[in-house]
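Asker:
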Amino acid sequence: MTDRSVTTLRHDCGEASMRPAKNHRPALLKTAARLFAQKPFHEVLMDDVAAEAGVAKGTVYRFFLTKDDLYVAVCLEFLDELIAQASEVAQRNDPPLKKLENVASLVLRFFLAHRDFYQVLQREWGNTHREALLARRSAIRSLLAGVLREGQQQGVFRRTHPELAADGLMGMIRSFVRFGDRRIGPDELAAHLLDLFLHGTAASAPEGKESTCREA
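Quick note on this note's numbering: the sequence shown kicks off at 16 and runs consecutively.
#1: Report the option in R130, A101, A99 whose CA atom is closest to the CA atom of F51.
#2: Using 10 angstroms around the beta-carbon of A71, count the other beta-carbons present and answer buried if the total reaches 16, otherwise exposed.
#3: For A218, report the span of its alpha helix (DSSP H) as first-last.
#4: Using the beta-carbon count (16 or more within 10 Å), is P10 buried or exposed?
#5: Does the Cβ-Cβ distance between L159 and A128 come in under 8 Å?
#6: Can you find the residues in the same chain that come closer than 6 Å, C-beta to C-beta, to L85, ignoring five residues on each side of it along the sequence?
#7: Shortest alpha-carbon distance to I5 belongs to which of E178, T216, R124, L60?
#8: How about A99 and V118: do their beta carbons lie closer than 8 Å?
#9: Please name the residue, chosen from S120, E58, V64, C90, that lies closest to A206 on a Cα-to-Cα basis.
#10: Looking at H144 and D83, is the spacing between their C-beta atoms short of 8 Å?
#11: With distances taken Cα to Cα, identify the nearest neighbour of F126 among R164, R77, G186, H176.
#12: Under the assumption that V87 contacts A154 (Cβ atoms under 8 Å), give the Cβ distance between them as a whole number of angstroms.
#13: Taking only runs that begin and end inside the segment 89 to 177, name each unbroken alpha helix (DSSP H) of 4 or more residues, in chain order.
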């Protein structure tokens, strides 16, 4: 075999085999998101994902070692989309009250539209998954706290601790998503959420009453 033959063989076989395989990850995530939206978590099989995506089962496991890995990846995609949308709203040149209403309503509507995903997010996950999910939660909390802090600086909101206030708002959103009356539409739920958060349930605030929760 000549040097030229060896070079040709190396080009036709070796170098070709070293080319990166097609990245099926986006298609697998899209397929899995659709299946998880249609069925409960425990009913979706990796075989189903492979068949729907038109790839071999082994291809799925090349990108996701377990169904938990796949599911969390889908959830992170959704959460990153939510964070991007909420960030865009928070950066608009709107009054703080309008920003808070829009961001809180967006977060609530998002989780209402993905209620099944939200339910599974409450499961106990491994450390790696938990850290990734907590990082997204922290990002949403920071967005809300930033809007609240901006409103405090402009005298729109009382000077409470913005992070604790954001935690309270997120807790209300969680309760509305998990336990809210499903006969009530998202528009009405969002209106109730914001009214309760901004005004509470008292007919009027006690005269001279100040918040006991100050920003650290």
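Where is the CB? At the ideal position from N, CA and C, for every residue including glycine.
Answerer: So, from the listed chains and residues:
#1: R130
#2: With fewer than 16 other Cβ atoms within 10 Å, it is exposed.
#3: Neither: A218 is in no alpha helix (DSSP H) and is coded neither H nor E.
#4: Lying outside 16 to 231, the shown extent of the chain, residue 10 is not represented and no answer is given.
#5: no
#6: If we look at L85 and ignore the five residues flanking it on each side, its Cβ neighbours are A47, F79.
#7: Since the first residue shown for the chain is 16 and the last is 231, residue 5 is missing from the structure and cannot be characterised.
#8: no
#9: Measuring from the Cα of A206, the nearest candidate turns out to be S120.
#10: A contact, by the Cβ cut-off of 8 Å.
#11: G186
#12: The Cβ separation is near 16 Å, so there is no contact.
#13: 111 to 128, 130 to 136, 142 to 168
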